[in-house]
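A.B. asks: Mind having a look at this structure? Questions to follow.
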Amino acid sequence: KKLFPPFINYFAEKQTVHSTEYCDVRLFDERCLKLSPNTLIDGYFQSEELVREVTHDIGEFFALKDIKELDYLSAGDICVLNIRGGEYTRNKRLTLHKTYWENAISYMRKQRCVNDFVIVTDDPRYAERLFPEINVLKQDMHHDFIALTKAKNVILSNSSFAYFPLRFNLQLPHIIAPKYWARHNVSDGYWACRSNIYQGYLYLDRNGY
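According to the working numbering, the sequence shown is numbered sequentially starting from 374.
Below, the structure is given as structure tokens:
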């Protein structure tokens with residue numbers, strides 16, 4: 374309700390709500406590219422349009438502490454599953470059904486000749502219940518981030534965590550993601566959000582296509 378220095382302006386990203394599902398289906402808000410200095414910003418800011426003009430190596434902005442023991446993930450016959458648990462598991466419309474992961478794994482086996490899978494996750498207990506036969510990398514967020522920078526094949530959840538580590542990834546990884554993102558389970562054609570459509574991702578629908 375009140376701005377404190379150094380903020381002299383306030384900006385809220387435009388939100389668009391689905392008429393019957395009442396979930397967020399926002400597009401990219403072009404006003405984000407025209408902000409004044411000293412502005413307090415409020416929003417998701419998950420559109421790729423915000424970084425599309427960054428044509429040089431994004432690694433020039435950040436220095437990552439490498440983890441050499443994860444180099445094996447760059448092999449072509451290994452795939453990393455980035456499973457989101459935690460508070461997602463309390464929302465049936467948001468939590469991806471096991472069939473999504475099974476369809477994506479089947480695709481990786483047939484089309485990419487992947488023989489081995491590992492999991493990075495914020496919720497190891499949930500991931501182990503989902504796939505007890507797949508190894509879960511139980512380290513910390515740093516390890517999960519670096520794992521995704523090295524992976525040649527990746528299956529994503531509907532979470533934005535993996536976006537930047539995949540931008541750091543020099544492997545040009547093959548990426549599978551859930552179509553319709555946060556409403557993969559129930560959508561009849563709408564995206565939640567539409568700003569979460571990213572170039573280079575293969576989006577699978579509920580039938581595995």
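By construction, the Cβ of each residue, glycine as well, lies at the ideal position given by its N, Cα and C atoms.
Buried or exposed for residue 461, please, with buried defined as at least 16 other CB atoms from any protein chain shown within 10 angstroms of its CB.
C.D. replies: It is buried - the Cβ of residue 461 has at least 16 other Cβ atoms within 10 Å.
A.B. asks: Considering only their Cβ atoms, is the gap separating residue 408 from residue 384 smaller than 8 Å?
C.D. replies: A contact, by the Cβ cut-off of 8 Å.
A.B. asks: What ranges does the beta strand (DSSP E) occupy inside the segment 468-544, keeping only unbroken runs of at least 3 residues that lie completely in it?
C.D. replies: Correct list: 489-494, 526-529.
A.B. asks: So the candidates are 418, 442, 413, 402; which of them puts its Cα closest to the Cα of residue 636?
C.D. replies: Summary: the structure shown does not reach residue 636, with the chain confined to residues 374 through 582, and so no result is reported for it.
A.B. asks: What are the boundary residues of the beta strand (DSSP E) that includes residue 405?
C.D. replies: First-last for residue 405: undefined, no H or E at that position.
A.B. asks: Is residue 452 near residue 526, with beta carbons less than 8 Å apart?
C.D. replies: Yes, the pair counts as a contact, with Cβ atoms nearer than the cut-off.
A.B. asks: Please list, in chain order, all residues of the same chain as residue 535 whose beta carbon is under 6 Å from its beta carbon, the five residues on each side excluded.
C.D. replies: Closer than 6 Å at Cβ, skipping near neighbours: 455, 521, 529.
A.B. asks: Out of curiosity, what's the CA-to-CA distance linking residue 574 and residue 431?
C.D. replies: If I take the Cα positions, the gap works out to 19 Å.
A.B. asks: Considering only the beta carbon of each residue, do residue 446 and residue 523 sit closer than 8 Å?
C.D. replies: Contact flag set, yes.
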